[in-house]
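A short worksheet on the structure shown next.
Number of protein chains: 2
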Amino acid sequence: MAADDVRSTLILSASDVKQLLCMGEVIKAVEGAFRACGEGMVEMTPKSYVKAGDGDFRAMPACMADAASVKWVNSHPMNRTRGLPTVMAVLIYSDPRTGFPLAVMDATEITAFRTGATAAVASKYLARKGCRTLGLVGAGKQAHSQLLAHTEVFDLELVRVYDVRAEAVQRFAASFPHANVQGCSLEDTVSSDIVCTLTPAREPIVRREWVFSGTHINAVGADAKGKQELDPAILNDAIVVVDDLHQAAGGGEINVAVAKGLFTLEQVHGTLAQIVTGQKEGRVAEDAITVFDSTGIALEDLATAKLVYEKACQAGRGLAVELVSLS
Amino acid sequence: MAADDVRSTLILSASDVKQLLCMGEVIKAVEGAFRACGEGMVEMTPKSYVKAGDGDFRAMPACMADAASVKWVNSHPMNRTRGLPTVMAVLIYSDPRTGFPLAVMDATEITAFRTGATAAVASKYLARKGCRTLGLVGAGKQAHSQLLAHTEVFDLELVRVYDVRAEAVQRFAASFPHANVQGCSLEDTVSSDIVCTLTPAREPIVRREWVFSGTHINAVGADAKGKQELDPAILNDAIVVVDDLHQAAGGGEINVAVAKGLFTLEQVHGTLAQIVTGQKEGRVAEDAITVFDSTGIALEDLATAKLVYEKACQAGRGLAVELVSLS
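In order, the protein sequences belong to chains A and B.
Under numbering that gives the first Met the number 0, think of the first position of the first sequence as 0, with each following residue one higher.
Under numbering that gives the first Met the number 0, think of the first position of the second sequence as 0, with each following residue one higher.
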């Protein structure tokens, strides 16, 4: 589609986006974006945070050869008491050749999908071949995306799930009737081939002695200063890969250990973009522990939004409005 | 309006926004936002730039007590050859208490209006009382906003306009049939009480010897590294006020002079927020030359968007869509 001929902006609601998202496609798109990033083809700045009452907003801009976007996403933990989602996101999707805004879309579901997809890409490159068990620490919304995403990449025989809320585990299991989902203790959950930590913990909850050799961990929960889920001894014994070094140091899984001097940035093996492009080796040994520190970066949203936009155009979904004037 | 009860997001097109914008109100809103900023009540980060083909995008987030927004604006100079505007902007307007996106609006006209309004606020505090002549260097779109805005604050008897394109001056004059607009030489235009420089110049075009004592200059054109409109000798002889020191140093009128060592950041008198709140003195003497270095900051867009949103709600304008899901 020649964007020079496009005169209207497509409004894509949460229900439009949900219909268009397909995890297998999102994984391919996100992997492609990390490859482009490794090849120096992505322009991106770290998240800009602005405080807002008892929460905050983050602006996340990115640009590739054929797509550009900014995501505006909030985090208001007290929204639970207000009957509102904690996180809501809107994304403006633009043509980088002209700057024209091609679409405005809900990006709440995009955020959930791309986070799962990115972890699955990390697992593809860092976990052992033939992984059969997945451990999910935390049974909230992100657990769904992680299971969906890892199912696309691995033949999973068993999914172990731990949550402090027993009912959350039951709800999660019920929503995947065709998967072998078992509620487990935290220690048993961590004994899986691939472990995804998905909690808002501010103290280490995963102990070093629970982690077997050869395990791959996607540390997803920590996304702000002071948050951590893993015993720093795990980081010291592991090959640690980050999505973005600046963001990881500031608010990813490694941030507390770095601040306390228990882990240094020099110990970071590389970025996921370097792994995907082969500039850095992925898994180096069968018995290595690997950790992917996921903070979430703008290129993941951009790649997913591009997919959604192109599918929406094909399917004729969304509401076309003349948002900006061309005269 | 209790945002907790709002379930839909208002889509406001360029024509909606144009209908709702009133320069007198925008000036008051922008002045109020600079005051809030001076009182430490505005959260804001500098513009995040991402390159995009032969242009770029800027993400501009800001948050005040009762309003938050991000503006996504491009600059693609080659768009002239494509039959598209050089600059297009979209803004997401959110409730800072919950993060809910209240509106998505065209912000192209908002950008033009708030730039004019901000310069008028600067002129109000920095220009001499009773200014009667306005000089506009450049007769493009921003000249319209500057004239509209300064007409709200001053009783103008004469508006001098210079542009390298004679036809641009004629078009400009024709669009203000009730104002006393005269096409002039650059030197004569600069001999006005208040001068607004509005060009994309990369070399000084306004000479020191043309600037009379007591003149106030709004230097608006320079908005990126390497751009400048004023002889650095003017900066050295003037009281220089900036909207944002970081942005001004990086890409405002002072950026080239600072980079060449012809002007230092210590010479900057203060920010417009400090002037508006009285933390710094405005005009100190009748014969002083004052310069306001305008780069455009996110709070100007936020204040204007808040006005537009509230007026749209009152007037029942815009298209309400269920953009994000609250379940």
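The C-beta atom is built at its ideal place from N, Cα and C for all residues, glycine as well.
Bear in mind the structure is a predicted one, so any value in this text is a computation, not a measurement.
So what's residue i in DSSP terms, helix, strand or just coil?
i	result
T263(A)	coil
T270(B)	strand
I204(A)	coil
I109(A)	helix
K27(B)	helix
K147(B)	Per the sequence shown, residue 147(B) should be read as Leu rather than Lys. Helix.
I10(A)	strand
A233(A)	Before going further, note that residue 233(A) is Ile rather than Ala in the sequence given. If DSSP states are grouped into helix, strand and coil, I233(A) belongs with the helices.
F334(A)	Chain A is shown only over 0 to 326; residue 334(A) falls outside these bounds and no answer can be derived.
K128(A)	coil
P100(B)	strand
C36(A)	helix
T196(B)	strand
V5(A)	coil
S122(B)	helix
L306(B)	helix
F171(A)	helix
L301(B)	helix
M0(B)	Low local confidence applies: a pLDDT of 41 at M0(B) is under 50, so the model's placement there is unreliable, and no value is given.
L403(B)	As shown, chain B starts at 0 and ends at 326. That puts residue 403(B) outside it, with no answer to give.
V241(A)	strand
G115(A)	helix
A284(B)	coil
A223(A)	coil
V152(A)	helix
A142(A)	helix
Which residue comes first and which comes last in the alpha helix (DSSP H) that contains residue i?
i	result
G41(A)	Inspection of the sequence shows that residue 41(A) is occupied by Val rather than by Gly. Neither: V41(A) is in no alpha helix (DSSP H) and is coded neither H nor E.
Q181(B)	Where Q181(B) is concerned, there is no enclosing alpha helix (DSSP H), although the beta strand (DSSP E) it sits in stretches over 180–182.
R159(B)	Segment 157–161 is the beta strand (DSSP E) holding R159(B); no alpha helix (DSSP H) there.
R316(B)	Premise fails: R316(B) is in no alpha helix (DSSP H) and is neither H nor E.
L244(A)	244–250
N254(B)	254–258
T276(A)	Run containing T276(A): none; DSSP gives neither H nor E here.
E186(B)	185–189
Please tell me whether residue i has its Cβ less than 9 Å away from any Cβ of chain B.
i	result
T8(A)	yes
D162(A)	no
A32(A)	no
S212(A)	no
A167(A)	no
D3(A)	Its pLDDT being 49, under 50, D3(A) is placed unreliably in this model, and the coordinates cannot settle the point.
Answer with yes or no whether the minimum CB distance from residue i to chain A is below 9 Å.
i	result
M0(B)	A caution first: M0(B) carries a pLDDT of 41, below 50, which makes its placement in the model unreliable, though a value can still be read off. So no, M0(B) is outside the interface.
K140(B)	no
K17(B)	yes
S12(B)	yes
R170(B)	no
Name the chain E residues whose beta carbon is nearer than 9 Å to that of residue i?
i	result
S190(B)	The structure shown has no chain E; the protein chains it does contain are A and B.
Along the chain, where does the beta strand (DSSP E) that runs through residue i open and close?
i	result
N73(A)	66–74
A61(B)	54–63
L90(B)	88–93
I216(B)	215–218
**Request:** With 9 Å as the C-beta to C-beta threshold (strictly closer), list the residues of the stretch 300–324 of chain A near chain B in chain order.
**Result:** L318, V320, E321, L322, V323, S324
**Prompt:** What residues in the stretch 52–78 of chain B have a beta carbon less than 7 Å from any beta carbon of chain A?
**Reply:** G52, G54, F56, A58, P60, A61, C62, A67, V69, W71, N73, H75, N78
**Cβ-based contacts, 8 Å cut-off: residues of the stretch 80–102 of chain B near chain A** = R81, G82, L83, P84, V86, M87, A88, V89, I91, S93, P95, R96, T97, G98, F99, P100
**Request:** Identify each residue in the stretch 34–51 of chain A for which the Cβ-Cβ distance to at least one residue of chain B is less than 8 Å, and report them in chain order.
**Result:** E42, M43, T44, S47, Y48, V49, K50, A51
**Item:** Positions along the stretch 226–237 of chain A whose CB lies within less than 7 Å of some CB in chain B
**Value:** none
**Message:** Can you pull out the residues from the stretch 106–132 of chain B whose beta carbon lies closer than 9 Å to at least one beta carbon of chain A?
**Reply:** A106, T107, E108
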